Amino acid sequence: MLLLGRAGIFEIDESYMKMTVCPLHRDLYGIRWRCNKTRCSIRNDLAAHKSLSVKAQCGLTTLLSSFIFNKTKIFIPVGTGICRSCKEHLAHLATEWRTSNLVSTDDESSNCLELSTSLPQINAEQPEDSNTSTSDELVEEMDKLVLNETRWSIFSPDTASTTSSSSCDVTDVSSSLVARRKKLNEYLEACNIHPLKRPMSDWNQISERTQERYIQKTCEIVSSVLNDISSTNAPHLWKGLQTSGRMNKAFGLSHQPAEKAYLEALAEAYKTADSWDTRRQVLSTMSDVANFNVISEYIPGLTHYRFTMANFHRLQYGRCVPVPLKTSPRLRICQQQLDHFLSFITSPHLVQDLLFGEKELKMSSGKTIKVPNIICTMIPQRIVNQYSQYCKENNFQSFSKSTMLRVLDECSATHRKSLQGLDNFAAQGGRSFDDLGTVVLTISPLKKDGENWAAEMQEALKVGKLYLKGDYKFSFLRSILRCTSVTTLVPYHCYMYALSDITDKDFKYKCKHKHDERCEQCESLDLTLKNIEQAIDECTFSSEEERDETLYLLTSAVRAINLWKGHQLRSVRQDEKTVYIVNDWAMKFLPHQYRESQSDWFGKKGISWHISVVFRKSNGQLESQGFIHIIESCSQDSAAIVLIMQHVLKTLETENPKLKRAFFLQDNAGCYHSASTILACHHIAKTTGIKISRIDFSDPKGQLTVLPLLASAISDCL
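FYI, in this note's numbering the residues of the sequence shown are -7 to 710.
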């Protein structure tokens, strides 16, 4: 049967069954026969697709091969590769063709039977002895003609029989259509629907108005049929027909126009995607709309693996949802080393809190924590160098510099070129080095070999500025860690020696110990300042005003540098019996109500709150303590300040009875430097037991940077 089908013989006689085939040809044209084509072999007029590059997915059956041969007179061997969509389409066409030819076949067979029965009667009238054999042979030939009338040859088709058969088919089909249309009109009249008078024209050749009329008429007919089938289930039947896709198969439509345009748009997005992740997201949208065979028509070369992965992506994450990134942090350094480095980089001499702003710190567990914004006073490379030196002096093994830089990058802080408003001592000290650089450039043309001298002084000033910004404070911090007294053997690090003024006997102190150790950086900075002063004395200026201006710049710069050094030294050297208190009023707080109306908001008075920050030394560590006084209604005058100062000192004396002296730093507001406030200090000292040794007044917001820091932290908590 397989060999006959591959030879184009679809009607089998007994003579074919008696033939024998050698094993070679049986294997060659039997089960071992292979088609050389890998694409679908169906012609465009019968294919369900328009593209010529559709991949073959199954073999052509005997029935479909016979149908194609009878329909187009073109023979395609059994087993030739075709796609599944063409297979379904050809099966539907073959069913319709067999149904339409059923009536014509019955009529022809009846006519042929009448002809075969009439022939013997005609032959019987002739003499039996002369024409008996001839009549028998004629009957046999006519029988063969009737039986083999529909047999076709792959070499020379019978034109006459084809013409007669096609004419009979057209006549039978037209009569069948007329009969069915008549029955349909009878049904429409029974349903009170206007019957169909004439056949509809070609859809592609009619106007939009005619198309709309056809659609309206068809809607009436289909709704009437569905209601007659089941009046209660008519809506469900219509929805089922729309979603099942069986109507598309019945009419030979692969997809609806809207669905086709949708798949074409997604296929174009798939082709233009630049990565597999994006393509998988697009394909996950298509995988639920159509199956693999349909999608492969729009995306040539699509594999089953990619289709399966896209479908799995849809089930796991959703349609067109990107895959969430999962980070798994790994800690490959010693926890002790990390804690040691973090405690160093968060020390006060490296970072300073900002008055405003927040940063988000992401933990390894995925949780995000909001922390106040901070400023780093040094660049990361200098922090790493300073920490390496600190570990070397303390015999502590640290991790590599690259790891330190990575930790600093994760724990990033804000870097600012100017510290004005945050630390005025540091800002003025840094500006003084710039003024000294200007002085050096001014007097360098007045000296011999001035260019080399100016370059040397500029480099020395740069090194000295960097030293005061970082290493100076760090150097006497190490001295404090090594000893418990306030005196050291380095003269510029000694608290008494460095802060004493030899020109004023009231601020002069002579140390009882010797200063045998030396600090190269401090001595180098002192020598640089003396060299600049000596150069000014040796140079000849064009006028005395120019000399006086240069000397004024030098004197002011040296004074600002010494104040910067003293400020850093005082911030570390603290007495356990003395406290340093900073006072200031914070910005008034405006209370809010839930869904507050404009009438409640208009003319609202703020709540005053006063901040006092106390600095003291306890067990060798510098501590700070904040006092917040909230007053709902007050005028912020001297009376309120006196009560606040008294309450703060009384609370401190209760917590630490060893306290003896207090120093106050306040701005230049009238409530602080008024006569009533200053005169009340003696009474406050008697009631609290702590003597107010000194009250300093600075410019508004000049040196009170710590108070807004505390205020911003409190505001974040509200």
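Glycine included, C-beta positions come from ideal geometry on N, C-alpha and C. Bear in mind that the values here come from a model prediction, so they are computed numbers and not experimental data.
Ranked by Cα distance from G(-3), the first of F67, F299, N36 is F67. The beta carbon of L56 sits closer than 6 Å to those of L82, all from its chain and outside the five residues before and after it, given in chain order.
About 6 Å separates the CB atoms of M370 and L342; that is less than 8 Å, so the two are in contact. Of the residues assessed, V571 falls on the buried side of the cut-off, its CB having 16 or more other CB atoms within 10 angstroms. Within the model, the alpha-carbon separation for R653 versus C673 is close to 12 Å. For N523, the enclosing alpha helix (DSSP H) starts and ends at 512 to 530. Just so you know, the alpha carbons of D269 and Q234 end up roughly 33 Å apart.
Put simply, the stretch 365 to 379 does not touch the stretch 431 to 451. Fewer than three CB pairs are less than 8 Å apart. By the neighbour-count criterion, in which 16 or more other beta carbons inside 10 Å mark a residue as buried, K465 falls on the buried side.
Collapsing the DSSP output to three states places W577 in a strand. Taking C-beta atoms as the reference points, I185 and S216 count as a pair closer than 9 Å. Residues of the same chain with a CB within less than 7 Å of the CB of E212, apart from the 5 flanking positions on each side, are I185 in chain order. In the structure shown, Y586 falls within a coil segment according to DSSP collapsed to helix, strand and coil. DSSP, read as helix, strand or coil, puts W25 in coil. With respect to the 9 Å criterion, V13 and L38 are not classified as neighbours on the basis of their beta carbons. Around the beta carbon of C32, 16 or more other beta carbons sit within 10 angstroms, so the residue counts as buried. Taking 9 Å as the cut-off, the Cβ atoms of I524 and L546 count as close. With respect to the 9 Å criterion, D629 and L657 are not classified as neighbours on the basis of their beta carbons. For I371, no beta strand (DSSP E) run applies, since DSSP gives it neither H nor E. When the alpha-carbon of S267 is set against those of Y290, P314, A253, the nearest one is in P314. Only residues of its own chain outside the window of five on either side were considered, and among them H602, H621 have a CB closer than 6 Å to the CB of I636, listed in chain order.
With fewer than 16 neighbouring CB atoms inside 10 Å of its own CB, E624 falls in the exposed class.
In the assembly as shown, M9 is an exposed residue. Its beta-carbon has fewer than 16 other beta-carbons within 10 Å. In the three-state DSSP reduction, N62 falls in the helix class (H, G or I).
In the displayed model, E3 falls within coil according to three-state DSSP, outside both helix and strand. The residue from D493, T72, V170, F388 with its alpha-carbon nearest to that of R190 is V170. Cα atoms of S600 and Y664: separation of roughly 16 Å, rounded to the nearest angstrom. Assignment of Y179 by DSSP, reduced to helix, strand and coil, places it in the helix class. Within the same chain, and ignoring the five residues on either side of S43 in sequence, no residue has its Cβ closer than 6 Å to its Cβ.
Checking the DSSP bridge columns, you'll see L657 partnered with V574, D688. DSSP, reduced to helix, strand and coil, places T495 outside both helices and strands of the structure shown, so it counts as coil. In the three-state DSSP reduction, N225 falls in the coil class, being neither helix nor strand. The Cβ atoms of E509 and L481 lie closer than 9 Å to each other. Scanning its chain for C-beta atoms nearer than 8 Å, with the 5 sequence neighbours on each side dropped, one finds around Y379 the residues F333, F336, I337, S390, M396, in chain order.
Our two residues, G429 and V550, have alpha carbons roughly 12 Å apart in a direct line. Take the alpha-carbon of Q381 and the one of S627: they are about 54 Å apart.
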